[in-house]
Amino acid sequence: MSRHHHSRWFDNPFEDDEFKLDKAALKVQGLEYLDSAFAKGTRDGDGGLYVGAVGVAYAFLHVAHLLSPEERKKYHSLALNAYQTQAKYYLTSNPQRNDACAFLLGKAGFFAVGVVLGKESGHEDITEENIKNYIEAGEVCKQPNFGKHGGDELFVGRAGYLCGALWLQQKLGYMPIPQKDLLEIFNLIIESGRNYSNQHKSPCPLMYSYYDTEYLGAAHGLCSILQILLSYPQFLNENSDAETVVKATLDFYLTLQDSSGNFPCAMDEIGPRKKRGDADMLVHWCHGAPGVVYLLAKAYLHYKDKKYLDACIRCGDLVWNRGLLRKGPGICHGVAGSGYVFLLIYNLLEQRDPKHLYRAAKFAQFLKSSQFLKEARTPDCAFSLYEGIAGTACFVLDLLQPVQAGCKELDNFLSSIHKVQLTTKVFTVGSESFNGAEVDGVGENTKIRKCSEEHQFNLICKSTILEDDGNRDNLEKYYWSILFTKEKICYDFLENLAQELGEVSPLCPKMHHCYSEGEEEYFCLIMDDLSIGFTNPLDHGEGISLQECNLIMKSLARLHALSLGCTLPSKYEICTTELLFSAGVEPALKPLTYNSFLGFLKLTANFRPDLLPYLKRIDDDENIWNRLCDLVKPGRTSFSCLCHGDPRSSNIFLEKSTSQKPSCRENNGKSSNHHDYHHHDGSNFKPEEKNVENGMSVNGGGESQIQSLLLQEPGLRFIDFQLTRYASPVTDLQYVLHMNTTRDFREKHTMEVLRTYYAEFQDVLGRFPHVILEQSEGVRGWTFEKLTEEYEKFYMYGFLAAVILLPIVLLRPVDMDIDKSMSQMTKAERTQFFKDGRADLVFNAGSRNDNMRKRLFEMCDEMVAKNVIPTNAPA
1 MSRHHHSRWF
11 DNPFEDDEFK
21 LDKAALKVQG
31 LEYLDSAFAK
41 GTRDGDGGLY
51 VGAVGVAYAF
61 LHVAHLLSPE
71 ERKKYHSLAL
81 NAYQTQAKYY
91 LTSNPQRNDA
101 CAFLLGKAGF
111 FAVGVVLGKE
121 SGHEDITEEN
131 IKNYIEAGEV
141 CKQPNFGKHG
151 GDELFVGRAG
161 YLCGALWLQQ
171 KLGYMPIPQK
181 DLLEIFNLII
191 ESGRNYSNQH
201 KSPCPLMYSY
211 YDTEYLGAAH
221 GLCSILQILL
231 SYPQFLNENS
241 DAETVVKATL
251 DFYLTLQDSS
261 GNFPCAMDEI
271 GPRKKRGDAD
281 MLVHWCHGAP
291 GVVYLLAKAY
301 LHYKDKKYLD
311 ACIRCGDLVW
321 NRGLLRKGPG
331 ICHGVAGSGY
341 VFLLIYNLLE
351 QRDPKHLYRA
361 AKFAQFLKSS
371 QFLKEARTPD
381 CAFSLYEGIA
391 GTACFVLDLL
401 QPVQAGCKEL
411 DNFLSSIHKV
421 QLTTKVFTVG
431 SESFNGAEVD
441 GVGENTKIRK
451 CSEEHQFNLI
461 CKSTILEDDG
471 NRDNLEKYYW
481 SILFTKEKIC
491 YDFLENLAQE
501 LGEVSPLCPK
511 MHHCYSEGEE
521 EYFCLIMDDL
531 SIGFTNPLDH
541 GEGISLQECN
551 LIMKSLARLH
561 ALSLGCTLPS
571 KYEICTTELL
581 FSAGVEPALK
591 PLTYNSFLGF
601 LKLTANFRPD
611 LLPYLKRIDD
621 DENIWNRLCD
631 LVKPGRTSFS
641 CLCHGDPRSS
651 NIFLEKSTSQ
661 KPSCRENNGK
671 SSNHHDYHHH
681 DGSNFKPEEK
691 NVENGMSVNG
701 GGESQIQSLL
711 LQEPGLRFID
721 FQLTRYASPV
731 TDLQYVLHMN
741 TTRDFREKHT
751 MEVLRTYYAE
761 FQDVLGRFPH
771 VILEQSEGVR
781 GWTFEKLTEE
791 YEKFYMYGFL
801 AAVILLPIVL
811 LRPVDMDIDK
821 SMSQMTKAER
831 TQFFKDGRAD
841 LVFNAGSRND
851 NMRKRLFEMC
861 DEMVAKNVIP
871 TNAPA
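Going by full-length UniProt numbering, the sequence shown runs without a break in its numbering and finishes at 875.
Here it is as structure tokens:
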């Protein structure tokens, strides 16, 4: 590599080689930056997130999940002080300043940080006050002529406001800003850009100016505006005209990339005579490729067109050569902003190339070099978020966890606020109030907008149902009692051990069910057993990468190994999956199971008729059911799956009969915060005379009292992990690999990822001998050969999980060609729905199922090749 002096960047002294991250050194380096930022960067109340005190608080909120509990406590206190410094400034500053909606340079960013700091510190009053302030701030930029010098850009304009809303959604788990407000601002950005383009005869369909300059970069220009518009895909999907003009603008923008990989700073630099000289090229986040790369990545995720990915790679190569900037260590026009380009590309690629992670690490290393420390310029705000080392701390510490749980959403500092999804977590119940939550609407239209997970988790601990000693007369009550008590015991035990490992806990409590008996409410908790990557399989498109899969395997291994040390009372040792497939629930679950398989046969006849003869060999009601029952015997399986076709419906598998008790409102005229349950038509629930079939209490046409509340993922999948000492871990391994990877991946990498699992499993065992080794041998004594042998025995499980469980799990009302949701059907209508074989609709409705179809047929081919589906019996 040639060595010349450049005024804007240092020559890159590193070779493009492979490496191993020194995470211990990176953490020391990152915390040094963070300490300095808090010590010297929190005195200035002006400058908002960009260079103000509140920006340093934002930096802490970004890296908090990478810190130990002690470190989080320390920096949280410092962040609150920084926030209060900014608060004092805003209280004394000119109230007429028109910066209320400015996310990076004004009050909106301050409000957003206040929302999240309040949540983290348990000060709900701070959170609610700042949500209110943020919503009110949006009114400012709704004015058509807002911002006489340019009101649409990222720092002070509408795009920044929408950007902040996405960050709040990420941090809170729900969108606190009304969707109608977001849509109005979104449409104003489109209208403003189109009007300006028409008036100034711009060659670009959408164009904007800021202080009379048509900027193109991320700081004030078209790049970040387009990025934010693409970050609200549902608005684009609902407005074809907006989608068309955004796509046309994006493709015009792509034509501006030059042969070096860079982009011009503004429209007045377009053309050979106007182009900057090579030595004067700006390769900054604010102006140039390091900022544009986020737009290109968003475009690639949205449109799946490789031309955007190729453009990202060209940006990365340019930044590798010219991104060691002399202006300083920061985000906006410094080395950290350049280094983030490589983290983004590393996460963007389906098959991650370690070269990009290496490049990011080398940029972090260069920050400590004598050349940089001696020759780099000192920014005006040297300790701030965007110009100084607060942002640098974010970059260096992000290298500790380069692959995030939301890696497909590019979860790092500059891109974490630009999520692809825009969904609002709400809960729908038939009551006017919900204890501990904020609600919108009344009666059947009530929506619970917010309810803290801590509140949900604590409620189950107080439920008297957990003290029930197992009255089998009410099978449903017994089932939930066993399931959720075991979950609570396991959660407490595993959470403590996970903290000792010094890692993020592998467990995440989620409240999924609530039902009432008289004045008592029972909140039922389910835990996801993975912290990384174990989401809706369709989100993975063509399948997860090898690195993602290895991370999942490590997380599984930790969960399974730690669970060996958990001792349960004998009554909780039952495999709850076995209970799910027991005789008591057979009348409800068996028809649904078979009809799901029937739907798969219809799908196969339509798309892969060559596979039909093989599948018909197991096309038998009893065979399908018996195979499933055999697979879930105690010791065989490690999870159970409860699925709801419609998350707003009652439980369609288990229906119970109870004597009608007075509701809270009927109890001596006293009101209460507890539920009054209603049908969705608003009528009170009145159970009919009960029937008992095979030990299961059934309402003769009435609705179950269980209410499915969570709309977080339409078509819910519930995971109940079984302790490894009572059950095999193999089914979890089968499920992860068959639901999340391609056949080609499994043929190449199965042994490798199983070795990753086994090595981590053994490592955790060795770190907790005082807890684990005193337990029974179980899978603790397995060799790797034994693990692979057991894995191969369970191929039929992988197949059945795919063709029966997966389609039920992913069923959503929007996919179903029906006039009303299952929550609105009577029991007889629901029964007929399944008898009619309508489960095939989940396979055949819409493009969203293309990946699932491909995955399932790949698995069928694989099962035939392995003779799991017999090939020698007559069809």
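Glycine residues also receive a C-beta, built at the ideal position from the N, C-alpha and C atoms.
Within 9 angstroms (strictly less), CB to CB, does residue i reach chain C?
i	result
GLY334	You won't find chain C in this structure, because it holds only one protein chain.
Just to confirm, are residue i and residue j a CB contact at a threshold of 9 angstroms?
i	j	result
ALA159	ILE177	no
ALA289	ARG314	yes
GLU375	PHE10	yes
GLY41	ALA390	yes
LEU216	LEU162	no
GLY114	ALA137	no
CYS223	GLY330	no
ARG746	LEU737	yes
VAL56	PHE363	no
CYS860	ASN740	no
THR244	LEU226	no
ILE624	LEU800	yes
LEU66	CYS141	no
MET796	VAL868	yes
HIS284	LEU546	no
With distances taken from CA atoms, which of the options is nearest residue i?
i	options	result
VAL864	LEU612, TYR594 and TYR174	LEU612
GLY339	LEU49, ILE624, PRO205 and LEU397	LEU397
TYR58	TYR89, ALA108 and GLN234	ALA108
TYR358	GLN86, TRP320, ILE389 and ALA376	TRP320
ASP251	LEU399, HIS287, GLY221 and PRO205	PRO205
PHE38	LYS23, CYS629 and VAL54	VAL54
GLU858	ILE189, VAL293 and GLY543	GLY543
GLN371	ARG326, TYR757 and ARG608	ARG326
LYS148	ARG43, GLU785 and THR213	THR213
LEU172	TYR253, TYR300, GLU128 and SER369	GLU128
Can you tell me which of the three DSSP states residue i falls into?
i	result
ALA266	strand
LEU325	strand
TYR308	helix
THR213	strand
MET281	coil
GLU752	helix
PRO13	coil
MET175	coil
VAL868	coil
ALA39	helix
ARG855	helix
ARG608	coil
PRO714	For PRO714, the pLDDT reaches just 29, beneath the cut-off of 50, and the residue's location in the model is therefore unreliable, although a value from the coordinates is still provided. Reduced to three states, the DSSP call for PRO714 is coil.
GLU747	helix
CYS860	helix
CYS549	helix
ASP763	helix
Leaving out five residues on either side along the sequence, give the residues of the same chain with a beta carbon under 7 angstroms from the beta carbon of residue i.
i	result
ASP46	GLY52 and TYR89
GLN143	none
ASN12	MET1, TRP320, ASN321 and LEU324
For residue i, which residues from the same chain have a beta carbon less than 6 angstroms from its beta carbon, with the 5 sequence-adjacent residues on both sides left out?
i	result
LEU230	LYS298 and HIS302
LEU105	GLY48, TYR50, PHE155 and VAL156
PHE761	ALA557 and ALA561
SER209	GLY150
Among the residues of its own chain, which have a CB less than 8 angstroms from the CB of residue i, if the five just before and after it don't count?
i	result
SER121	HIS76 and LEU80
ILE270	LEU256 and PRO264
MET281	ARG8, SER260, ASN262, GLY288 and ARG322
LEU754	MET553, LEU733, PHE784, LEU787, THR788 and TYR791
Ordered list of alpha helix (DSSP H) runs contained in the region 77-134, each at least 4 residues: 107-121
Please go through the region 318-372 and give each complete alpha helix (DSSP H) segment of 4 or more residues, from N-terminal end onward. 335-348 and 354-366
Going along the chain, which unbroken runs of the beta strand (DSSP E) with 3 or more residues stay wholly within the region 177-257? none
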